[in-house]
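First residue of the sequence shown? That's 956 in this note's numbering, and the numbers climb one at a time after it. Positions of the beta carbon are idealized from the N, C-alpha and C atoms, including for glycine. Since this is a predicted model, take the numbers as computed values, not measurements.
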Amino acid sequence: MKKNITCLIIDDNEFIAKTLYDQLQENHSNIDVTGIAKNGKEGLELIAELKPDLIFLDIEMPDMTGFEMLSKLSIINFETIFITSHTHYAIKAFRFNALDYLAKPVDKDELTSALGKFYFNQKTKNHDKIQNALANIKAEHVSDQTLFLQTQTGMLRLPLKQIIKIEGNRNYSNIWLVDNTKIVSAKTLSYFEDILLDKNFLRCHRSYLVNGSFINNILKNNLIVLKNEDKVPISRRKRTLVKSWLIGDLMY
């Protein structure tokens, strides 16, 4: 027997939550609503306890926003459909790897359409579908000072201050952290250069992107010394740029 989809509803408006629950019960019998939370704190507790496949998440709640709630999770291994009264949140919702967003009051046809996207992702296992569709949004995977990275186990939240350098290797990249952890990503170095361009990261070499906060000095033999004593090559045409960065003449 095919397993039903488990979902949570997280919304401080009891009427909206009840209406959504009723719509799911009446029109989508393969979805089990396993919990309803009225704020972000309760939502985090239910996510940890019930491990849902899908959550319907309100954006504006009294204790924390839906975005703030997601930012508290180190790994996001469920799909998110935001529910909101304000459509200007749409782009920010997609930056948090949202599957879709629904305007309040929730229309049953729009709900069916959003769930159709969920079924498609489940069938293809393509959790990058929405991000790739918005590839032209430069900060797609970056929110404030955090990088959201898709891995085999789910969505990984990486504070930018923990990333020392990113090393390109053809069609994938190695992300090196301050504790010397290496994270392998299927994204190219050019991809990371694009989304981190205005986040204090610098392409110093065709194979390296470095966090400007970790640059210590430049050696005469075209090497950058990072604050953890790692050495990274620098191309000749990038040397002047990095020197300007180091002395503060160039602002990012």
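Only buried fits Leu-1144, as 16 or more other CB atoms lie within 10 angstroms of its CB. For Ile-1002, DSSP assigns no beta-bridge partner whatsoever.
A direct Cα-to-Cα measurement between Asp-987 and Cys-962 gives close to 6 Å. For Asn-1076, the three-state secondary structure derived from DSSP is helix. With a threshold of 16 other beta carbon atoms within 10 Å, Ala-972 meets it and is buried.
Pro-1017 and Asp-967 do touch by the CB rule: their CB atoms are close to 6 Å apart, below 8 Å. CA-CA distance, His-1160 to Lys-1193, rounds to 7 Å.
Around Met-1019, the same chain offers Gly-995 as residues with beta carbons nearer than 6 Å, after the five sequence neighbours per side are excluded. Only residues of its own chain outside the window of five on either side were considered, and among them Leu-999 have a CB closer than 7 Å to the CB of Lys-1027, listed in chain order.
In the three-state DSSP reduction, Val-1197 falls in the helix class (H, G or I). Contact between the stretch 1029-1037 and the stretch 1053-1070 is established, with three or more Cβ pairs separated by less than 8 Å. Less than 7 Å separates the beta-carbon of Trp-1131 from that of Ile-1119. Taking C-alpha positions only, His-983 is separated from Phe-1169 by approximately 51 Å. Note: Val-988 is bridge-paired with Cys-962 in the DSSP secondary-structure output. Distances from the CA of Val-1061 to each of Gln-978, Thr-1195, Ile-1189 and Lys-1154 were compared; the closest alpha carbon is that of Gln-978. Within the same chain, and ignoring the five residues on either side of Asn-1126 in sequence, the residues whose Cβ sits closer than 8 Å to its Cβ are Ala-1141 and Thr-1143. Taking all protein chains shown into account, Asn-1166 has 16 or more neighbouring C-beta atoms within 10 Å of its C-beta and is therefore buried. Under the rule that a run must span 4 or more residues, the alpha helix (DSSP H) segments found entirely inside the stretch 1113-1192 read 1144-1150. Around the beta carbon of Phe-1022, a 10 Å sphere encloses 16 or more other beta carbons of the protein chains shown; the residue is thus reported as buried. Annotated three-state conformation of Gln-980 is helix, per DSSP. Per DSSP, the continuous beta strand (DSSP E) segment holding Phe-1037 begins and ends at 1034-1039. With respect to Ile-1189, Asn-1177 sits close: the two C-beta atoms are nearer than 7 Å. Boundaries around Leu-1012 are those of the beta strand (DSSP E), 1009-1013, since no alpha helix (DSSP H) includes it.
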